[in-house]
Amino acid sequence: MRLAERGVAAEVDDGFGRAYRYVGPPELRESATDGDQGGGQPVRKGSEFTSWAGERTAAEFAEPFTFVIDLGGALRLAPRRSEHVACAGGESVLSAGEIGFRRSGGGGAVGGGWEVETVSNLSTGYCPDVTSWPAVATALDRLGLPHPGGFTQTVVFRRCRDCGRCGIVREGHYVCVFCDADLPELWNVDAGCALP
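Numbering (our numbering), first residue to last: 5 to 200.
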């Protein structure tokens, strides 16, 4: 199903290709949607990011944050040890991973003098493909946050056709760590790729 058919703005749909639904342990999704874990903070404008950053401590900025790009194209942020599915409120996402920020030289610049230092697609709950970067870049550009132009750490997720388990491809070695079967070259974690 096209994202536009789900009410997602065309500017978000164009060129992003896929929404990722949660594929992790069901109990984590249930706890994320039971109302106890409020979800990540949506950040849609540079002023919202500046406000959000102003409420964080230096200790919080010492490590990356959990992030998702929701189906509306907004960056949602939560503390690093938060589950991605909780950050997304149990919904499908355009990308997910970890993101680190640092102060930039221009304190009065758009984005409040912040920039993205590190960003990855490391989310074992959504297992987004490395091709999800354009959704991240669009959200960061909308906030006026300078960024590296791509994931600083890429994680290649694949599902084994033989044993059905999902794993990470390391050093270009497309072999299942669980059963030694060959893994496909193309992303296949959620074969249906349908939105819930």
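The C-beta atom is built at its ideal place from N, Cα and C for all residues, glycine as well. These numbers come from a predicted model, not from an experiment.
Considered as a whole, the region 56-100 harbours 69-74, 79-82 as its complete beta strand (DSSP E) runs of no fewer than 3 residues, in chain order. Separation of Pro83 and Cys167 (C-alpha to C-alpha, rounded to the nearest whole angstrom) is 33 Å. Taking the C-beta atoms as reference points, Asp133 is found no nearer than 7 Å to Trp56. Apart from the 5 residues on each side of it in sequence, Glu175 has no Cβ closer than 7 Å to any other Cβ in its chain. Gly104 is a Cβ neighbour of Thr122, given a cutoff of 7 Å. Scanning Gln157, Asp184, Cys180, Ala139 for the CA closest to the CA of Tyr24 turns up Ala139.
Per DSSP, Glu189 lies in no beta strand (DSSP E) and is assigned neither H nor E. When DSSP states are grouped into helix, strand and coil, Phe155 belongs to the coil group.
The closest CA to that of Ser96, considering only Ala78, Arg48, Arg106, is found on Ala78. Buried is the label assigned to Glu87, since at least 16 other Cβ atoms lie within 10 Å of its Cβ.
Judged by their CB atoms, Leu187 and Arg162 are nearer to each other than the 7 Å cut-off.
In this structure, DSSP gives Val181 a state outside helix and strand, which the three-state scheme calls coil. Residue pairing by DSSP places Phe53 in no beta bridge whatsoever.
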